[in-house]
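Heads up, the thing below is written out as structure tokens.
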Amino acid sequence: MANTRVAVDVGGTFTDICIMDETTGAIRIEKTASTPDDPMRAIMNGIDQAGIDLSDVSMFSHGTTVATNALITRNLPRAAMVCTEGFRDVVEIRRANKEDLWDTYKDVAKPYIPRRDRLTVRERVSAEGEVLIGLDEDDAYRVAGILKKRGVAAIAVCFMNSYVNGANEQRMRDILKEVMPDVPVSISSQIMPEIFEHERFSTTMANAVVSPVVVDYVARLSDKLADGGYARELLLLHTGGGVMTTKAVRDFAARLAGSGIAAGAIASRFIGNLCGYPNTIGFDMGGTSTDVSVSYQGEPRMTKDWYIEYGFPIRFPSIEVLTIGAGGGSLAWRDEGGSLRNGPQSAGADPGPACYRNGNEIATNTDANVVLGRLGTSLAGGKITLDPQLAEDAVRRSVAEPFGMELHEAAEAIVRVANANMGNAVRLLSISRGYDPRDFALCAFGGAGALHGAAVARELSIPTVIVPPNPGVTSALGCLLVDIQHDFSDSFMRPADGTDPAEIEAAFQRIEGEARDQLAREGVEPKDMMLQRTVEMMYQGQWRSLEVSVPSKIVDTAELVQAFHEEHAREYSYSRKDAPVSLFRVAVKAVGIVPKAEPARTEPETYTPEAAQHRKVWFDGTAHDAAMYERETLTAGATFRGPAIVEQLDSTTVVPPGMTAEVDAYMNILIHTKA
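Numbered per our numbering, the sequence shown spans residues 331 to 1005.
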């Protein structure tokens, strides 16, 4: 009987595998080196190393970087775009803005589809959805013939105002499929039926260009797993916080862009809820970057304003994750004004920190932590040994001598700058979004999250830090905790006052019908379908909207308006209850529930563990005698006081002086920042 669940998260350096026994809830992990040229090789290597019999696997979930890397590197097949006559340059003009307004030398990246491959046809739909000019089919066949000769691998069809009436786009797709039956075609009225041409065109363009890459990868991986005995559906994690089947990937490939970072946000929300903290801040610190996310009242904060490259938004609903260049390999350097900086430049995996012995001579966060005694001289179970002398030399050369500091003072300065950078990232996703960090727990994971989490929490007055049992593979754990999920939406631009609730209800029922059909095609039983309604609203005259949850049946628009005022007050600290409100968009999140196994739980018995050894560790300019614990020896109920260090295979947890820690029933370490 298949009773094993496997989740795989592919990172830049390591591929992490999380294996859960459905019967006992026991979790074990496996790490293997990533293979950037073909991520599938690392996955299969990891499966072999872990001794997994694929015929015993009941669920295989995968967070992939294939779509993200394809867009970042622009290693993309040739694709084309078909637009309304006169509008081929919408994605070139964009919003006519720049990421850095004052940098006159930095240009915005070029569109994923060059101008010569953006062709036009004669057609026109009015803003009200009336077909003013039907699709000129002679023109359409001419364009299809040109694209066939060019051998394009994918096509995006983006017509003006198709979000209210996609008939012309659908006919264009039919003609393209008739001429080129094997070429995937993405139409904007299906991909993102919303107003704002650039955002709609850009999302559809991104979906088209990654489709051949993603579909090929998913098909090959599915076949490889099937050859090994896996008999179920391969599930792919997407940025909205759910998974897609291979069937859905064919239509919405760009939803997999940013897949990996969403897994960590999902896991931190789950772990927080497990520990009794519905408000959590995910703090995923790795070798080169830190990802920050927020979950409020048990739900992740979502956004549609995200992109892989600035200027080309991908407007699928996504878990909001802020990524900054701060990790174990981030370099310490002196700027032109004489100030100490940390990152975003990184030593990466090769050559890595100076203490890795691979030739780097510039101090990194890892080197600073080694100098301070917070990090031992062995990582990954002895696979990597660190040279403390090289770490000291790098810190002395890069920071201590240039700034006239003592060695340990310089190392602490490096760490403090890194913590300040990460603290600012947390502020951006909490305080600037209307959340008080003191109402949250910080879930620290990733290879270096537990090393810095307590210090970042103390800076922001966050009362509790949660360190999960296997911080280095927490993102892979997130892949085990998701349901099949799709997002459906439709423009619905009306004044709230005077709109018939029955009209809103009819719009929702139409979308819900599409949602149920999609889930049914993926094999989800009606009893496992869950539909969540939201409506986006704004004060009249605004163009930015806020999303509000709505009841299962709408009988009065006054309730929606009141909910909008309350959400506006929470987000922006004010509301205008006398101002008229407009409806903007109706949306449905369609969830196909996937049965989940709960991690193993042990009844805690309070005790003070015996330290394996003691080590000199520096905090605030003073050397402290810190107790050292091995994570594998701690059991539920263990309580201890800092300064303390907990070491394990994939991470090191630091409990600074004055803080207390306890191990809960699920083997999470809870660090209380106030004694």
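Glycine residues also receive a C-beta, built at the ideal position from the N, C-alpha and C atoms.
Best match in the options for proximity to residue i [C-alpha to C-alpha]
i	options	result
Asp368	Thr982, Thr362 and Val396	Val396
Glu360	Pro366, Val338 and Asp351	Val338
Ser821	Lys907, Val916, Pro986 and Arg863	Val916
Val573	Asp813, Pro683, Arg840 and Glu508	Asp813
Val745	Ile761, His392, Val700 and Val756	Val700
Pro973	Val494, Thr864, Lys919 and Ala941	Ala941
Glu935	Leu964, Ala953, Thr952 and Pro929	Leu964
His392	Leu586, Leu401, His738 and Val438	Leu586
Ala930	Asp346, Thr653, Gly341 and Gly355	Gly355
Arg452	His568, Thr618, Arg906 and Val412	Val412
Gly776	Leu861, Ser981 and Pro825	Ser981
Leu890	Glu928, Ala845 and Ala826	Ala826
Ser388	Glu691, Ala561 and Leu861	Ala561
Glu877	Asp723, Thr829, Ser912 and Leu477	Ser912
Lys926	Met350, Gly381, Val340 and Pro523	Met350
Tyr493	His954, Met522 and Asp557	Met522
Span separating the alpha-carbon of residue i from that of residue j
i	j	result
Met331	Ala578	Note that Met331 scores 49 on pLDDT, short of 50, meaning its location in the model is unreliable; the coordinates nonetheless yield the value given after this. Distance between the alpha carbons of Met331 and Ala578 is about 28 Å.
Arg726	Arg763	40 Å
Tyr686	Tyr547	34 Å
Gly706	Leu716	8 Å
Tyr765	Glu896	14 Å
Arg335	Asp378	15 Å
Glu650	Arg425	22 Å
Pro732	Glu666	13 Å
Ala968	Met868	50 Å
Phe344	Asp621	17 Å
Ser875	Pro647	14 Å
Met958	His944	5 Å
Ile834	Leu506	35 Å
Arg358	Lys428	46 Å
Ala832	Phe838	10 Å
Ser708	Ser625	34 Å
Tyr637	Thr932	42 Å
Phe582	Leu555	22 Å
Ala741	Tyr435	35 Å
Thr353	Glu563	21 Å
Gly783	Ser905	35 Å
Leu449	Arg418	7 Å
Val513	Val545	12 Å
Thr696	Pro683	6 Å
Arg846	Lys634	23 Å
Glu527	Leu849	29 Å
Gln862	Gly734	59 Å
Distance CB(residue i)-CB(residue j) smaller than 8 Å
i	j	result
Ala787	Leu772	yes
Ala470	Ile443	no
Lys1004	Pro793	yes
Phe390	Leu565	yes
Val539	Leu406	yes
Ala484	Pro441	no
Ala966	Met989	no
Ser623	Ala593	no
Thr804	Ala991	no
Ile611	Val797	no
Leu670	Ala748	no
Ser589	Thr569	yes
Thr653	Ile601	no
Leu465	Asn491	no
Gln500	Ile517	yes
Arg550	Met370	yes
Integer-rounded CB distance, given that residue j should sit under 8 Å from residue i
i	j	result
Asn751	Asn672	6 Å
Phe613	Ala474	The pair is not a contact, with the Cβ atoms about 50 Å apart (cut-off 8 Å).
Val947	Arg961	That belief does not hold up - the Cβ atoms of Val947 and Arg961 are roughly 17 Å apart, past 8 Å.
Ala662	Ala693	5 Å
Val420	Asp447	Their Cβ separation, rounded to whole angstroms, is 14 Å, which puts Val420 and Asp447 out of contact at 8 Å.
Phe949	Pro987	6 Å
Val438	Asn495	That belief does not hold up - the Cβ atoms of Val438 and Asn495 are roughly 31 Å apart, past 8 Å.
Met510	Lys479	In fact, because the Cβ distance is near 11 Å, the residues do not count as touching under 8 Å.
Ser660	Pro674	7 Å
Arg445	Glu422	7 Å
Closer than 7 Å: residue i CB and nearest the ligand MG heavy atom
i	result
Gly628	As far as ligands go, the structure on display features none, and thus does not contain the ligand MG.
For this session: Say whether the segment 636-652 touches the segment 800-809, bearing in mind that this needs 3 or more beta-carbon pairs closer than 8 Å, one atom from each stretch.
Result: no
Exercise. Counting Cβ pairs, one atom from each stretch, are 3 or more of them under 8 Å apart for the segment 851-866 and the segment 919-932?
Worked result: yes
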